[in-house]
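Student: Residues 174 to 463 (the numbering used here) make up the sequence shown, in order. Dropping a structure here in structure tokens format, bear with me for questions.
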Amino acid sequence: MPIILDKVSHIYGEGTAMAVKALDDISIVIPDGQFIGLIGHTGSGKSTLVQHLNGLMKATSGNIYFNGEDIDDEGFDKKALRSKVGLVFQYPEHQLFETDVFADVCFGPKNLGLTKKEVELRAYEALKHVGLEDEYFYQSPFDLSGGQKRRVAIAGVLAMKPDVLVLDEPTAGLDPKGRDEILEQISRLKKETGITVILVSHSMDDVAKYVDRIIVMNQGRVMYDDEPREVFRHYHALEEVGLSAPQITYIMKDLQENGYDVGDDIMTIEEARNAIKDCLGKLVPRYRER
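Structure (structure tokens):
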């Protein structure tokens, strides 16, 4: 079942002189099985929005529905909601606290009242899903690298078997290799399980490569909500709010402006390689004719 946000607003410090509207009349539908990129500059409302999806924050106004139920209705089981809508915070240290990695990943499913065998099977499966080697299972999570900590934090949420996985800047601070490894694991997980994934990111290159849909936030409102190719057509408007298109898009636009027939909606390196190859294939016979 989808998550539905209906005219959701959130005001920090409501009723005070310091009141700030972080979300302003947000209405979106998140269907099952979609890979969504949520982008926006710092302060645009991204993190506030995702913390509403599993009830960590309560809307000042508007309604949020999960499986057809209003999550703020009296008697709604928010503990069950948080097992179905899993949120991985930007800083993994905020979610790691046990003495070793395996115990940390077991913590969530253990609180679901499962048997010891089922808890451990879930933890093992989740750690394998994120690509963490067995040799790290009984090390302290705080002795791991930044990328490994993120894998453990994601595994801890996956062990709950959520329907929706929300990742708030999962690659922040990682080197390019670590960033690619994390995103490839998430993409593989999405394909294998069909889980809904919401990726909060500042990287246009990352969202262009992986997601099906992009929601652009600006000043607490939805600026664009469309397929990546359509969103990045508005790159001038994105630049005005501190965002951009993927770097490869600008390179290809420069080539096109200099007379090369490469298309104006290229988003990834693979697309660029194919477009340049096709363009050169057309040019070679012309030069031979000369």
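Using N, Cα and C, we set each Cβ at its ideal position, and we do this for glycine too. Every value quoted in this text rests on a predicted model; they were computed, and no experiment measured them.
#1: Can we say the stretch 229-243 touches the stretch 286-304, given the rule of at least three CB pairs closer than 8 Å?
#2: Hey, out of Val-202, Met-191 and Ala-332, whose CA is closest to Gly-281's CA?
#3: Hey, could you find the ends of the alpha helix (DSSP H) Arg-406 is sitting in?
#4: I need the straight-line Cα distance from Tyr-185 to Lys-251, nearest angstrom please.
#5: Does the separation of the CB atoms of Val-483 and Glu-342 fall below 8 Å?
#6: If Ala-326 and Val-261 are in contact, beta carbons under 8 Å, what's the gap, nearest whole angstrom?
#7: Once you ignore the five residues that flank Lys-180 on each side, which residues in its own chain have a CB closer than 6 Å to its CB?
#8: Quick one: using the 10 Å Cβ neighbour count with 16 as the cut-off for buried, is Leu-226 buried or exposed?
#9: Under the three-state reduction of DSSP, which class applies to Tyr-433: helix, strand or coil?
#10: Could you please give me the residues that DSSP links to Lys-194 through a beta bridge?
#11: Could you pull out every unbroken alpha helix (DSSP H) segment of at least 4 residues lying fully inside the stretch 333-364, listed in chain order?
#12: CB Gly-346 to CB Arg-324, shorter than 8 Å?
Tutor: In short:
#1: no
#2: Ala-332
#3: Per DSSP, Arg-406 belongs to no alpha helix (DSSP H) and is neither H nor E.
#4: 22 Å
#5: The first residue shown for the chain is 174 and the last is 463, placing residue 483 beyond what the model contains.
#6: 5 Å
#7: Asp-198, Ser-200 and Gly-235
#8: buried
#9: coil
#10: Ile-184
#11: none
#12: no
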